[in-house]
Amino acid sequence: MDAAQAEVVTVERDGSVAVVQLSRPEARNAMDAAMLRALTTHLTTLESQPEVRVLIITGSGKTFSAGADIKQMVQMDAAGGRSWAMLGQSLMDLVEELEKPVIAAINGVAVGGGCELALACDLRYAASGARLAQTEINLGITPGWGGTHRLTRLVGPGVAKELILTGRLLSADEALHLGLVHGVLADEELRAGVLDIAHQVAEKPPLALARAKRALNLVAGMDRRAANALEAELFGEMFGTEDRAEGMRAFLEKRQPQFTGR
-18 MDAAQAEVVT VERDGSVAVV QLSRPEARNA MDAAMLRALT THLTTLESQP EVRVLIITGS
42 GKTFSAGADI KQMVQMDAAG GRSWAMLGQS LMDLVEELEK PVIAAINGVA VGGGCELALA
102 CDLRYAASGA RLAQTEINLG ITPGWGGTHR LTRLVGPGVA KELILTGRLL SADEALHLGL
162 VHGVLADEEL RAGVLDIAHQ VAEKPPLALA RAKRALNLVA GMDRRAANAL EAELFGEMFG
222 TEDRAEGMRA FLEKRQPQFT GR
């Protein structure tokens, strides 16, 4: 990773939780190609580290992310726009497909690609002052980094159409009401609150977390029989793990389990 990449994304460790922070405050954490590459590098590295069990993605300053960097897009032609969409989609797919749970701590405005980044995370918590929107329509374009399908899966096609076609801003409370975020915390309590949730998740068995995340990501596109078959396969797989044996022994012995990821 070069120095430019290192500067636009930072990583802090809090025990078994890694906090990945978008750090272009002068550009409201807008994502340019360097930031997309840096995020990809950091997330791939953290996925390979067994001591890290949960990831948090947040923004520096008072903004989560203003989305894709318009200065980088303004001169693009159709082919360039298509390639740009695919580059962003690759990152969003990576976030969704990581075995480790990823939590978005939405500390401020999350619009366009910033909202799409939050949508790709497994859990989303917003500061009370945060605002979320798919604002691409206001720029004469459409969502290109997965917003159309992820937003539709979360809030349904009717609400997704209204939000994408109007490009309107949602308050944190309205986002909670629509099911776009899982909780709203006071601005000053967001980081500590999300860290607490992350540590709760990190205490769970890593293999079971990974398989549960995989099933939840896949079953939406399956019929009942296929979903049941996948669930049975993953359920059975867990019975060959040390964590399953430890979890059940701990339950019967009325003690806290010690999960090792094996």
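The numbering used here numbers the first residue of the sequence shown as -18 and each following residue consecutively.
Where a beta carbon is used, it is the ideal one built from N, C-alpha and C, also for glycine.
Using beta-carbon positions only, say whether VAL200 and LEU190 come within less than 9 Å of one another. With a cutoff of 9 Å on beta-carbon distance, VAL200 and LEU190 are scored as not near each other.
Exposed or buried, GLN2, counting other C-beta atoms within 10 Å across all chains shown (16 or more means buried)? Label assigned to GLN2: buried.
Figure out for me which residue from LEU171, ASN198, GLN237 and ALA193 has the closest Cα to the Cα of LEU100. Comparing C-alpha distances from LEU100 to each of LEU171, ASN198, GLN237 and ALA193 shows the shortest one belongs to ASN198.
Can you check whether the CB of GLY128 is closer than 9 Å to the CB of LEU96? The displayed chain sequence assigns Cys, not Leu, to residue 96. Yes, these two residues count as a Cβ contact at 9 Å.
Give the secondary structure of ALA85 by DSSP, where H, G and I count as helix, E and B as strand, and everything else as coil. Reduced to three states, the DSSP call for ALA85 is strand.
Where PHE216 falls, given that 16 or more other Cβ within 10 Å makes a residue buried: Note on PHE216: under 16 other CB atoms within 10 angstroms of its CB, so exposed under the neighbour-count rule.
Based on the DSSP secondary-structure assignment, which residues constitute the bridge partners of ASP(-5)? According to DSSP, which records beta bridges pairwise, ASP(-5) is partnered with VAL(-2).
Looking at the structure shown, is GLY40 part of a helix, part of a strand, or coil, going by DSSP? Three-state result, GLY40: strand.
Taking DSSP as the reference, what is the three-state secondary structure of VAL165? Three-state result, VAL165: strand.
For the region 151 to 166 against the region 200 to 214, are there 3 or more C-beta pairs whose distance is under 8 Å? The region 151 to 166 makes no contact with the region 200 to 214: fewer than 3 CB pairs, one atom from each, lie closer than 8 Å.
Buried or exposed (CB count within 10 angstroms, at least 16 for buried), LEU233: By the neighbour-count rule (16 or more Cβ atoms within 10 Å), LEU233 is not buried but exposed.
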